[in-house]
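If you use our numbering, the sequence shown corresponds to residues 2 to 301, in order. Ideal Cβ positions, reconstructed from N, Cα and C, are used throughout, including at glycine. None of the values given here were measured: they were computed from a predicted structure.
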Amino acid sequence: MTVVCCWLNNSYGKSRITALADSRATARLQNGNYQPLDEATVKLFRVRIRCHSLDEFDVHTGSWSSPYYETEIGIGYAGFCFEALTVIALITRALEDLAATEGGTPKPEPEGIARLVVAVVDRYFKQHKRAETQSIELFLFGFSAIDLTPWLWKIVHKSGKGTTTAPLPLGSDDFHVIGNITTSTSYMKKVVELKSWIKKHKEKLRKGQGEDAHFELQLEKARHESADNKAVEEETLAQIESEFAQGVGGILQKMEAFEVGGRTSISFTRDDRQHILDGLPAAGRPGLGYVPIGEKMGRG
2 MTVVCCWLNN
12 SYGKSRITAL
22 ADSRATARLQ
32 NGNYQPLDEA
42 TVKLFRVRIR
52 CHSLDEFDVH
62 TGSWSSPYYE
72 TEIGIGYAGF
82 CFEALTVIAL
92 ITRALEDLAA
102 TEGGTPKPEP
112 EGIARLVVAV
122 VDRYFKQHKR
132 AETQSIELFL
142 FGFSAIDLTP
152 WLWKIVHKSG
162 KGTTTAPLPL
172 GSDDFHVIGN
182 ITTSTSYMKK
192 VVELKSWIKK
202 HKEKLRKGQG
212 EDAHFELQLE
222 KARHESADNK
232 AVEEETLAQI
242 ESEFAQGVGG
252 ILQKMEAFEV
262 GGRTSISFTR
272 DDRQHILDGL
282 PAAGRPGLGY
292 VPIGEKMGRG
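Pasting the structure below:
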């Protein structure tokens, strides 16, 4: 299992959607305990959306060229890894090859994206033979190509119960979690309490006297936004490092979705511990290599 949390983050003067996840893959034993299998499992994905006109199809190569619109969405998952990764691979293929079959240049809509994903999930599990591994949860998020507003959808498939889906609010007070850690109310309670305390303290700030009063007020508000962000990171790190959260561990992964020029742009960072992608060999010479981006998570 896992933990994936998602919220609207306004720290450092930039509004974006932030998602955090752990990186442990586990197997559940007959006694109910979890056996760790891997500490570097990817649970946050960037999916590119490409929209094409029918006349862009290259019949010689069987591929599309020159999309009229491109954007990205983030996907986080909890549940059974093989099933979730297969579903995400199918979703990726579909969203990269969208075609305007009735002319014009329509853009993808959050509800339409969610509807497509639900259809993929339903069709995949309809032919799946092992009932005990048919449970997955997905977060889909990004900025609307229609009105540039942030959006988040939750899609859940449970064995024997089918697929449910719902849009989730993404206001400054909203915080959402999927995964087995949601059964631990202490995590959610602590995060909600911290965010509420920081918000109340921020609302009590008042402009002082003097020429620099406005600047000082804005600076103090920015500090509160940063504290909100770091508090969530710190509590998630605490769960990853806790011996009582058996299904959660590894490193803390972060994905952030920004609105840039009418499109969603996805970036990745991770906790500053050693990672499987560190120190990879060059893919081309001289010096064409992968450069990982890490940061110190939490307030420490």
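### Task
Taking the CB atoms as reference points, tell me whether T237 and E73 lie closer together than 7 Å.
By 1-based counting over the sequence shown, the position of residue 237 is 236. By 1-based counting over the sequence shown, the position of residue 73 is 72. No. Outside cutoff.
#### Entry: Distance CB(F142)-CB(L153) smaller than 7 Å
Taking the sequence shown and counting its residues from 1, the one referred to as residue 142 is at position 141. Taking the sequence shown and counting its residues from 1, the one referred to as residue 153 is at position 152. Yes, the pair counts as a contact, with Cβ atoms nearer than the cut-off.
### Task
Going by DSSP, name the residue or residues bridged to K257.
Within the sequence shown, the letter at position 256 stands for residue 257. Here the sequence assigns Glu to residue 257, which means Lys is not the residue at that position. E257 pairs with T19, S268.
#### Entry: Through-space distance from Q247 to N34, alpha-carbon basis
Counting from one through the sequence shown, the residue named residue 34 turns up at place 33. Counting from one through the sequence shown, the residue named residue 247 turns up at place 246. Taking the straight line joining both Cα atoms gives about 7 Å.
### Query
Looking only at its own chain, which residues have a Cβ that is under 8 Å from the Cβ of A28, when we skip the five neighbours before and after it?
In the sequence shown, counting from the first residue as 1, residue 28 sits at position 27. Taken in chain order, the residues that qualify are Y35, Q36, L38.
### Query
Beta-carbon separation of C82 and Y69 under 7 Å?
By 1-based counting over the sequence shown, the position of residue 82 is 81. By 1-based counting over the sequence shown, the position of residue 69 is 68. No, they are not a contact pair.
### Query
Which runs of the beta strand (DSSP E) spanning at least 3 residues fall entirely within the segment 109-171, listed in chain order?
137-144, 151-159, 163-169
### Query
For A1 versus I252, is the C-beta spacing smaller than 7 Å?
Missing from the structure shown is residue 1; the chain here goes from 2 to 301 and no further.
### Message
What does DSSP give as the partner residue(s) for P37 in the beta ladder?
### Response
Locating residue 37 in the sequence shown gives position 36, counting from the first residue. Residue pairing by DSSP places P37 opposite T27 in a beta bridge.
### Which residues DSSP lists as bridging R51, in chain order
By 1-based counting over the sequence shown, the position of residue 51 is 50. R51 pairs with E71.
### Message
Strictly by DSSP, which residues pair up with G77?
### Response
Within the sequence shown, the letter at position 76 stands for residue 77. Paired residues: L45, F140.
#### Entry: Length of the line joining the Cα atoms of S243 and A79
Taking the first residue of the sequence shown as 1, we reach residue 243 at position 242. Taking the first residue of the sequence shown as 1, we reach residue 79 at position 78. Near 19 Å, if we compare the C-alpha coordinates of A79 and S243.
### Close Cβ partners of L281 (< 8 Å) along its chain, the five nearest in sequence each way excluded
Your numbering for residue 281 matches position 280 in the sequence shown. Non-local beta-carbon contacts of L281 in its own chain, meaning distances under 8 Å to residues more than five positions away in sequence, involve G290, Y291 in chain order.
### Message
Helix, strand or coil for N181? Go by DSSP, reduced to three states.
### Response
Taking the first residue of the sequence shown as 1, we reach residue 181 at position 180. Helix at N181.
### Message
Taking only three categories from DSSP, how would you classify D229?
### Response
Stepping through the sequence shown from its first residue, residue 229 is reached at position 228. It is helical.
### Task
With V88 as the anchor, note down where its alpha helix (DSSP H) starts and where it stops.
In the sequence shown, counting from the first residue as 1, residue 88 sits at position 87. Its alpha helix (DSSP H) spans residues 82-97.
### Query
When DSSP builds the beta bridges, which residues end up paired with S64?
The residue labelled residue 64 in the question sits at position 63 within the sequence shown. In DSSP, S64 forms a bridge with D59.
### Query
How far does the beta strand (DSSP E) with L9 in it reach, from first residue to last?
Numbered from its first residue, the sequence shown carries residue 9 at position 8. L9 -> beta strand (DSSP E) spans 4-10.
### Query
If we ignore side chains and look at the alpha-carbon of each, how far apart do L55 and K200 end up?
Taking the first residue of the sequence shown as 1, we reach residue 55 at position 54. Taking the first residue of the sequence shown as 1, we reach residue 200 at position 199. Rounded to whole angstroms, L55 to K200 spans 50 Å at the Cα level.
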